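Enquirer:
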Amino acid sequence: EAGVTQFPSHSVIEKGQTVTLRCDPISGHDNLYWYRRVMGKEIKFLLHFVKESKQDESGMPNNRFLAERTGGTYSTLKVQPAELEDSGVYFCASSRQGGGTEAFFGQGTRLTVV
Amino acid sequence: GNSVTQMEGPVTLSEEAFLTINCTYTATGYPSLFWYVQYPGEGLQLLLKATKADDKGSNKGFEATYRKETTSFHLEKGSVQVSDSAVYFCALPQGAGGTSYGKLTFGQGTILTVHP
Chain F
71 EAGVTQFPSH
81 SVIEKGQTVT
91 LRCDPISGHD
101 NLYWYRRVMG
111 KEIKFLLHFV
121 KESKQDESGM
131 PNNRFLAERT
141 GGTYSTLKVQ
151 PAELEDSGVY
161 FCASSRQGGG
171 TEAFFGQGTR
181 LTVV
Chain A
6 GNSVTQMEGP
16 VTLSEEAFLT
26 INCTYTATGY
36 PSLFWYVQYP
46 GEGLQLLLKA
56 TKADDKGSNK
66 GFEATYRKET
76 TSFHLEKGSV
86 QVSDSAVYFC
96 ALPQGAGGTS
106 YGKLTFGQGT
116 ILTVHP
């Protein structure tokens with residue numbers, strides 16, 4: 071079974087540009103989560119999809135961030151326009167439906183805004 | 006809301022040394038507690054978990070005991086190896102009830118480096 075896959079693994083963009091991160095969850099996992107780790111700090115929750123619906127987006131930092139999950143399969147996280155403070159590692163995780171089910175994480179996308 | 010405080014690193018040890026990474030938490034009720042690990046170049050992996058007070062989670066020689074009296078979940082290993090070099094994160098579910106294992110609150114991570 072393939073794990074959670076994230077693209078790209080690294081991205082370096084200039085301030086003001088747009089970047090789109092992609093996450094392919096484990097097949098059959100209805101729950102999909104985005105997290106971010108700013109350098110040296112804790113990993114912070116951004117949002118949660120159940121299938122194609124946003125269940126909880128309380129962690130999204132501002133309206134420059136847009137997450138989508140078309141068809142309830144893969145998800146994208148777009149940052150537009152990117153700012154320096156958006157640099158960090160963005161993790162995606164997925165899990166099956168139901169409480170108490172483990173979330174499986176991807177390798178993360180390291181985003182550097184210069 | 007639920008929160009976790011993790012000892013600051015980095016931690017540098019020689020092979021076969023004893024490891025402790027401290028983690029304390031603040032939570033409503035008694036949520037499950039987790040340790041995640043990120044090896045170089047890889048994603049986060051669940052290392053171990055404990056779902057109720059006094060439970061001991063264990064995996065790959067690592068152990069952590071859920072102590073509600075001290076609200077702690079310290080990670081220990083009796084004899085570390087070079088291959089244990091990684092970043093370790095303590096975590097717990099957000100919110101009361103804490104049944105969603107996907108929406109987690111993480112500590113800031115502890116970098117462990119083990120030298121031969």
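Residue numbers (this note's numbering), protein chains in the order written: chain F, 71 to 184; chain A, 6 to 121. Ideal Cβ placement from N, Cα and C applies to all residues, glycine included. For clarity, every value in this text was computed on a predicted model and none was experimentally measured.
1) So, F119 (chain F) versus S145 (chain F), is the Cβ gap smaller than 8 Å?
2) Taking the alpha carbon of D60 (chain A) as the point to measure from, which residue in A:P36, A:E47, A:Y41 and A:G46 has its own alpha carbon closest?
3) Where does E13 (chain A) sit, in a helix, a strand or coil, going by DSSP?
4) Which whole-angstrom value is the C-beta distance of Q11 (chain A) and G107 (chain A), which I expect to be below 8 Å?
5) Which residues, in order along the stretch 123–136 of chain F, keep a beta-carbon less than 8 Å from a beta-carbon of chain A?
6) So, with DSSP's three-state summary, where would you put G178 (chain F)?
7) Any beta-carbon of chain A closer than 8 Å to the one on I96 (chain F)?
8) Thinking C-beta only, is R139 (chain F) closer than 8 Å to L91 (chain F)?
9) Give the straight-line distance between the Cα atoms of T17 (chain A) and S81 (chain F), rounded to the nearest whole angstrom.
10) Counting along the chain, where does the beta strand (DSSP E) carrying P98 (chain A) start and finish?
11) Thinking C-alpha only, which one of F:T179, F:E155, F:K111 and F:L136 is nearest V9 (chain A)?
12) Which residues, in chain order, does the stretch 162–182 of chain F contribute to contact with chain A at a C-beta distance below 7 Å?
13) Since Q148 (chain F) meets chain A, which of its residues come closer than 8 Å, beta carbon to beta carbon?
14) Going by the DSSP bridge assignment, what does D59 (chain A) pair with across the sheet?
Expert: So, from the listed chains and residues:
1) Counted from its first residue, the first sequence places residue 119 (chain F) at position 49. Counted from its first residue, the first sequence places residue 145 (chain F) at position 75. Yes, the Cβ-Cβ distance between F119 (chain F) and S145 (chain F) is below 8 Å.
2) Counting from 1 along the second sequence, the entry for residue 60 (chain A) is found at position 55. The candidate whose alpha carbon is nearest that of D60 (chain A) is A:P36.
3) By one-based count along the second sequence, residue 13 (chain A) stands at place 8. Looking at E13 (chain A) - three-state DSSP - the assignment turns out to be coil, as it is neither helix nor strand.
4) Locating residue 11 (chain A) in the second sequence gives position 6, counting from the first residue. Locating residue 107 (chain A) in the second sequence gives position 102, counting from the first residue. That belief does not hold up - the Cβ atoms of Q11 (chain A) and G107 (chain A) are roughly 20 Å apart, past 8 Å.
5) So the close ones are D126.
6) One-based indexing of the first sequence puts residue 178 (chain F) at position 108. Coil at G178 (chain F), not helix or strand.
7) Your numbering for residue 96 (chain F) matches position 26 in the first sequence. So, not an interface residue.
8) Sequence index remark: in the first sequence, residue 91 (chain F) carries index 21 (1-based). Sequence index remark: in the first sequence, residue 139 (chain F) carries index 69 (1-based). For L91 (chain F) and R139 (chain F), no; Cβs fall outside 8 Å.
9) On the second sequence, position 12 is the one that residue 17 (chain A) refers to. On the first sequence, position 11 is the one that residue 81 (chain F) refers to. Each residue's Cα considered, the two are about 30 Å apart.
10) The sequence position of residue 98 (chain A) within the second sequence is 93, counting from 1. Per DSSP, P98 (chain A) belongs to the beta strand (DSSP E) from A91 to P98.
11) By 1-based counting over the second sequence, the position of residue 9 (chain A) is 4. Here the closest residue by C-alpha is F:K111.
12) Cβ contacts with chain A come from A163, S165, G169, G170, T171, E172, A173, F175, G176, Q177 and G178.
13) In the first sequence, residue 148 (chain F) corresponds to position 78, counting from 1. The sequence as given places Lys at residue 148 (chain F); Gln does not occur at that position. Chain A residues near K148 (chain F): none, gap ~21 Å exceeds 8 Å.
14) For the purposes of this step, residue 59 (chain A) is taken as the residue at position 54 of the second sequence. Residue pairing by DSSP places D59 (chain A) opposite no residue, since no beta bridge is assigned to it.
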